[in-house]
Amino acid sequence: MRFLVRLVLTALALWLATAIVGGIHLYGDSVLERFFSLVLVALVFTLVNTFVKPLVMAVGCALYVLTLGLFGLVVNALMFWLTGWISEKLSLGFFVDGFWAAFWGAIIVSLAMWVMDLLSPRTRTAEE
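Residue numbers (the working numbering): -17 to 110.
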């Protein structure tokens, strides 16, 4: 259940990015179609961040150290751009124009997810 809630929250964060950043486009004939498109894109985004991002982080470890972590912004933008590319190839109705749109979209999604995490109720662990 938590995964589904997180997926819908990611879809809302992606919608926010499409509303704010001009280079991120969401296509669909109806609100319901755009919603399901966003949920599928959120799933793609989750898969990219789960499987591809750790590989890129491992390969670019030296760049993280040299840039004091700022390379992470570039990696997040590239993961967002890759999500847009995969979504376009799967005809999900989500498209990212270029690197800078992906850069700002990744920042907006990260900030939105951070705020949603702050607002979400915490579950108690067995230790508490």
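Every residue gets a Cβ at the ideal spot worked out from N, C-alpha and C, and that includes glycine.
- Counted as a single uninterrupted DSSP element, the beta strand (DSSP E) harbouring Val78 occupies residues Phe76 to Val78.
- Contact between Ala88 and Asn58 is confirmed by a C-beta separation of about 4 Å, below the 8 Å threshold.
- Here the stretch 57 to 72 lies against the stretch 14 to 28, with 3 or more beta-carbon pairs under 8 Å apart.
- Closest in alpha carbon position to Gly42, among Met95, Ala(-7) and Leu60, is Leu60.
- In the displayed model, Leu72 falls within coil according to three-state DSSP, outside both helix and strand.
- Straight through space, the alpha carbons of Gly4 and Gly80 are spaced by roughly 11 Å.
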